[in-house]
Amino acid sequence: MATLEGKQIVLGVSGGIAAYKAVELLRLLTKAGAEVSVVMTANACEFVTPLTFQTLSNNPVHTHMFDLYQEKEIGHISLADKADMCVVAPATANIMGKLSSGIADDLLSTTLMATKAPVVLAPSMNVNMYESAALQHNLQVLTQRGFHIIDPDDGYLACGWEGKGKLPSPEHILAWIERVLTPADLAGERVLVSAGPTREEIDPVRYVSNYSSGKMGYAIARSAWERGAEVVLVSGPTALEAPVGVRRVSVTSAREMYAAVMHELPEASVVIKAAAVADYRPCSAAAQKIKKKPGTMSVELEPNPDILAQIGAQKTEQIVVGFAAETHDILRHAQEKLQRKNLDILVANDVTAAGAGFDVETNVVKFLHADGRVEDMPQQSKVEVAYALLDRVSACITANRKSKRAD
Ligand code: PMT
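For the sequence shown, the working numbering puts the final residue at 445, and the numbers step up evenly by one.
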């Protein structure tokens, strides 16, 4: 997990109406423990006062290259040297034009040209400016040179137009900053994650389901993206927002999950199935609400396809990870699932234990490996469990590559 604690971040603010959102981004960065130096262009100062940023960052705000006091105290190059990362939000067409053509005529453009730290740019502007050939060319050049560019959102723009050009939310930009600061050991991997419950319809108002909230699977999806992977998340119904950078495919029933997972499978190099798929569904769903009658009633169930078992049966080079939600004889049941479903790793959790399983923020898991190793993990947040699991997945990928080279 990327921690921002103690990180030196240069927050560049250029002159767009979205400059006010940079104030909230600054708040999030300082809350996460980062030491933030704000550099504003002259135009940015027309939208928000330096005093706002100064008060919230607890640091002087840098606005001029040749300010005698600022130059004596900081020196315009030292900001570039001490940065662990620079982020420009909003990044105007002007600042990106300067960066791509090598113009350094104010403190922000000079700092960005002089720094060796990674630079994240969050463009925001009128949709026609964004779509212009010049801007698109500059974005291409900057991407090739290793700048990290966050796609602007679509929507209603302050200039009255609708389209692409909105600055994404401060939380979205923060997620990108964390990703860029995290070692990208999963870059080049395509990770397919499933999460959440499935719902099996009884009638138009009732269904069979389970207590899965999706938290475990979403933590894995978010963490895999942070570590550089391209991530698809096939999700049953949850109250969670799609993690930044992750493509979410929403499904309801086990059969829909089966279809979505099988559709995505050929592109995936890693499959992690944290979803709690209903093993059974009602044999038939009533077309109308079933009316209450005296006495008992029964619902006949039939089995759903076992998605993971099928993936395990047909896998060639993919790394396949399953979860097992158990209530007793954890190890025995987990070992049986690991073998029967032909998995590389099985994550077993006792869903009756405190701080483990459904809907809580933490989990207590065992990692069972195909070579027989079993690792007992302590109680950790679901994000920590996700990171620990991805460490093991990353080790499997390295081992596979080594054995391929040896062949
Ligand atoms: O979502 P949370 O609230 O955060 O809770 C997390 C969790 C408890 C759901 C998660 O940690 C977990 O254990 N997920 C797997 C739950 C489960 O369905 O276990 P299982 O033992 O029934 O299934 C074993 C594996 O086969 C799972 O990877 C499951 O996705 C898969 N499976 C099961 C049945 C089926 N028809 N198709 C499948 O692919």
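We put the CB at the ideal spot given by N, CA and C, even for glycine.
Drop a sphere of 10 angstroms on the beta-carbon of residue i, count the other beta-carbons inside from all chains shown, and report buried for 16 or more, exposed for fewer.
i	result
K253	buried
T41	exposed
D144	buried
T101	buried
C321	exposed
A362	buried
G395	buried
V243	exposed
D382	buried
Y249	exposed
A160	buried
E302	buried
E227	buried
M295	buried
L376	buried
D388	buried
K45	buried
Y194	exposed
Out of the options, point me to the one whose CA is closest to residue i's CA.
i	options	result
T181	G283, S138, Q356	S138
Y256	A392, V299, A277	A277
E43	S273, E216, A267, T236	E216
K136	L89, T79, Q373, E169	T79
A306	E355, L384, P190	E355
K404	I368, I435, D397, V398	I368
Q237	C197, A292, A433, S207	In the sequence as displayed, the identity of residue 237 is Arg instead of Gln. When each option's Cα is compared against that of R237, the closest is A292.
Y168	V272, S75, M134, S52	M134
F91	H175, S75, K45, A408	S75
C434	V359, Q418, L376	V359
Which one or two residues does DSSP pair with residue i in a beta bridge?
i	result
H407	I383
C321	Answer by DSSP bridge pairing: none, since C321 is not bridged.
A314	P235
D191	K204
N401	Q418
C124	V48, V157
Would the beta-carbon of residue i be found less than 6 angstroms away from any heavy atom of the ligand PMT?
i	result
I345	yes
F396	yes
K353	no
M300	no
N380	no
F405	no
G54	no
A408	no
M254	yes
A372	no
A362	yes
V315	yes
G251	Residue 251 is actually Ser in this sequence, not Gly. Flag set: Cβ of S251 near the ligand PMT.
A297	no
A312	yes
N342	yes
N387	yes
Of all Cβ atoms in chain D, is any one closer than 7 angstroms to the Cβ of residue i?
i	result
Y249	Note that chain D does not occur in the displayed structure, where there is just one protein chain.
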